[in-house]
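Residue numbers (the numbering used here), protein chains in the order written: chain R, 71 to 341; chain S, 381 to 562.
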């Protein structure tokens with residue numbers, strides 16, 4: 071009798087498993103299922119994230135008042151500097167558009183950025199992803215670039231109504247077409263599987279053997295591939311090595327991916 | 381009642397895991413779901429264990445399936461099979477558990493967690509190009525580290541869940557009791 075009930079249980083399990091595997095074979099239904107589950111998880115992640123922030127704010131509140139005042143002054147100065155720079159850049163962008171129009175080029179629209187906060191970091195050992203608090207209701211779609219003022223963070227992969235999963239550039243599956251500043255070198259950037267969580271590194275492959283990149287050279291998105299706009303800073307070269315068929319460089323990401331809290335999603339492509 | 385509570389605990393542990401950082405120096409992760417599942421494998425019959433394995437595996441795969449073009453990198457459902465096998469092995473050690481001898485089960489929780497991480501690594505290594513298996517110190521540190529963390533957390537989790545089971549009046553599954561009833 072006991073064996074019979076075990077066989078029945080095993081049989082039901084196998085049937086359920088087969089239904090799952092067959093259902094998962096349809097990409098659209100699997101994406102919907104994933105999106106639905108992420109949507110179900112979102113309120114819990116938001117609550118947990120809010121608690122985490124309150125705790126961090128409490129720890130920050132224990133700092134001396136003087137330190138906070140100094141920090142406030144420094145932030146105000148930085149803010150004024152950034153506003154001034156932004157003003158100048160906007161002027162240059164407008165002039166650039168006028169000149170492009172004069173030459174018959176298509177005008178560059180501004181980026182439309184949606185701010186977002188991280189509400190969950192990936193728990194898997196081998197994948198580098200984060201969950202953010204913006205989803206389809208906010209205009210976010212799959213494969214939208216994600217960045218901060220410092221540089222590129224990654225792109226959206228799974229989108230639910232009110233949250234999205236962002237794959238970071240330190241993930242091996244996140245490939246970015248990149249070019250090296252002040253050079254004609256172009257390559258494909260990819261995260262490192264064994265990249266340490268505390269200091270993730272990324273690698274740039276398919277460079278020429280004679281590239282001879284220098285430490286500190288900046289690497290930017292090249293715009294090839296249609297996902298990432300061109301000119302976004304990815305990182306700086308840490309070392310260059312010649313491989314059998316190509317050259318490769320190790321980069322330090324421009325953005326601190328482990329301490330990331332706030333970021334922006336590019337919801338309108340300037341192209 | 382305890383079965384539903386355990387399902388809720390599985391879900392909440394999945395949420396909680398998002399807020400634990402990687403453990404230095406190799407970046408090993410804190411995994412609570414396998415520990416809670418394995419407790420469930422001890423506490424319920426085969427049918428209950430298989431249901432929990434299905435639920436745990438599906439939740440894990442749905443959240444971590446990465447897409448490459450129009451297909452997921454690792455098929456959704458692989459975790460279900462692994463959890464079922466680990467649950468079956470754990471169920472085999474039920475007699476010791478019923479005698480309140482948890483040492484073996486806590487040790488197995490650590491081993492099972494490391495096996496999960498190792499299997500995931502082997503599968504992505506097979507799937508990704510170029511095909512190579514990098515077993516550097518960092519990789520082993522993450523695989524073994526996850527198991528060590530689970531080994532440390534398992535006694536606390538088992539104790540808490542046993543206390544909860546007692547509060548809810550749950551009797552752990554005893555196969556000989558079922559036979560006597562027949």
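Don't be surprised by glycine CBs; every beta carbon is placed ideally from N, CA and C.
Within chain R, partners of residue i - CB distance below 9 Å
i, result
"residue 501 of chain S", "195, 196, 263"
"residue 383 of chain S", "Neighbours of residue 383 of chain S on chain R: none; closest Cβ ~14 Å, over 9 Å."
"residue 530 of chain S", "Within chain R, no residue comes near residue 530 of chain S; the closest Cβ sits about 12 Å away, beyond 9 Å."
"residue 445 of chain S", "94, 100, 104, 228"
"residue 434 of chain S", "83, 86, 87, 90"
"residue 508 of chain S", "242, 243, 263"
Contact list for residue i against chain S, beta-carbon separation under 8 Å
i, result
"residue 103 of chain R", "442"
"residue 115 of chain R", "395, 398"
"residue 111 of chain R", "394, 395, 443"
For residue j and residue i, the rounded distance between their alpha carbons
i, j, result
"residue 330 of chain R", "residue 188 of chain R", "8 Å"
"residue 286 of chain R", "residue 292 of chain R", "18 Å"
"residue 273 of chain R", "residue 410 of chain S", "27 Å"
"residue 434 of chain S", "residue 334 of chain R", "36 Å"
"residue 532 of chain S", "residue 494 of chain S", "13 Å"
"residue 177 of chain R", "residue 160 of chain R", "Reliability fails at residue 177 of chain R, whose pLDDT of 49 lies under 50, so the model's placement of it is uncertain and the value that follows must be treated cautiously. Answer to the nearest angstrom: the Cα atoms are 14 Å apart."
"residue 241 of chain R", "residue 305 of chain R", "15 Å"
"residue 528 of chain S", "residue 484 of chain S", "14 Å"
"residue 391 of chain S", "residue 237 of chain R", "23 Å"
"residue 157 of chain R", "residue 280 of chain R", "40 Å"
"residue 382 of chain S", "residue 205 of chain R", "35 Å"
"residue 424 of chain S", "residue 75 of chain R", "13 Å"
"residue 234 of chain R", "residue 73 of chain R", "45 Å"
"residue 397 of chain S", "residue 226 of chain R", "21 Å"
"residue 408 of chain S", "residue 552 of chain S", "32 Å"
"residue 438 of chain S", "residue 535 of chain S", "26 Å"
"residue 464 of chain S", "residue 488 of chain S", "15 Å"
"residue 318 of chain R", "residue 325 of chain R", "21 Å"
"residue 400 of chain S", "residue 337 of chain R", "30 Å"
"residue 426 of chain S", "residue 491 of chain S", "21 Å"
"residue 259 of chain R", "residue 525 of chain S", "29 Å"
"residue 213 of chain R", "residue 141 of chain R", "36 Å"
"residue 540 of chain S", "residue 394 of chain S", "17 Å"
"residue 162 of chain R", "residue 220 of chain R", "20 Å"
"residue 505 of chain S", "residue 263 of chain R", "9 Å"
"residue 218 of chain R", "residue 332 of chain R", "7 Å"
"residue 155 of chain R", "residue 486 of chain S", "58 Å"
"residue 181 of chain R", "residue 275 of chain R", "28 Å"
"residue 456 of chain S", "residue 112 of chain R", "21 Å"
"residue 288 of chain R", "residue 387 of chain S", "49 Å"
"residue 244 of chain R", "residue 320 of chain R", "15 Å"
"residue 430 of chain S", "residue 471 of chain S", "11 Å"
"residue 432 of chain S", "residue 82 of chain R", "13 Å"
"residue 404 of chain S", "residue 208 of chain R", "36 Å"
"residue 261 of chain R", "residue 323 of chain R", "10 Å"
"residue 143 of chain R", "residue 295 of chain R", "42 Å"
"residue 195 of chain R", "residue 95 of chain R", "25 Å"
Chain S contact residues for residue i, given Cβ-Cβ distances below 9 Å
i, result
"residue 75 of chain R", "425, 426, 427, 558"
Residues that residue i contacts on chain R, provided the C-beta gap is smaller than 8 Å
i, result
"residue 448 of chain S", "243"
"residue 565 of chain S", "Outside the shown range of chain S, which is 381 to 562, sits residue 565 of chain S, and nothing can be said about it."
"residue 438 of chain S", "90"
"residue 547 of chain S", "The premise fails here: residue 547 of chain S is roughly 23 Å from chain R at the closest Cβ pair, so nothing lies under 8 Å."
Under 7 Å by beta carbon: chain R residues contacting residue i
i, result
"residue 495 of chain S", "Within 7 Å Cβ-Cβ: nothing; residue 495 of chain S doesn't reach chain R, min ~13 Å."
"residue 504 of chain S", "196"
Would you list, in sequence order, the uninterrupted alpha helix (DSSP H) runs of no fewer than 4 residues that lie entirely inside the segment 74-104 of chain R? none
Is it a yes or a no for the segment 269-284 of chain R touching the segment 515-528 of chain S, going by three-plus beta-carbon pairs under 8 Å? no
Using a Cβ-Cβ cutoff of 8 Å, what residues of the segment 451-475 of chain S are near chain R? List them in chain order. 451, 452, 453, 455, 456, 457, 460, 461, 464
Is the segment 77-97 of chain R touching the segment 453-469 of chain S in the sense that three or more CB pairs, one from each, lie closer than 8 Å? yes
Output the residue ranges of the beta strand (DSSP E) runs that lie fully inside the segment 141-199 of chain R and measure 3 residues or longer, sorted by chain position. 182-191
Could you check whether the segment 472-480 of chain S touches the segment 496-508 of chain S, counting it as contact only if at least three pairs of C-beta atoms, one from each stretch, sit closer than 8 Å? no
In the segment 515-541 of chain S, which residues sit with their C-beta less than 7 Å from some C-beta in chain R, listed in chain order? 516, 518, 519, 522, 526
In chain order, which beta strand (DSSP E) runs of at least 3 residues are fully inside the segment 269-335 of chain R? 272-277, 288-291, 303-312, 317-323
Length-filtered (4 minimum) alpha helix (DSSP H) runs lying within the segment 416-501 of chain S: 426-444, 458-471, 474-478
Tell me the start and end of each unbroken beta strand (DSSP E) in the segment 111-135 of chain R that is at least 3 residues and wholly inside, in chain order. none
So if I threshold CB-CB distances at 9 Å, which residues from the segment 315-329 of chain R count as touching chain S? 328
Three-pair Cβ contact test at 8 Å for the segment 438-448 of chain S versus the segment 88-105 of chain R: Contact between the segment 438-448 of chain S and the segment 88-105 of chain R is present, because at least three Cβ pairs lie under 8 Å.
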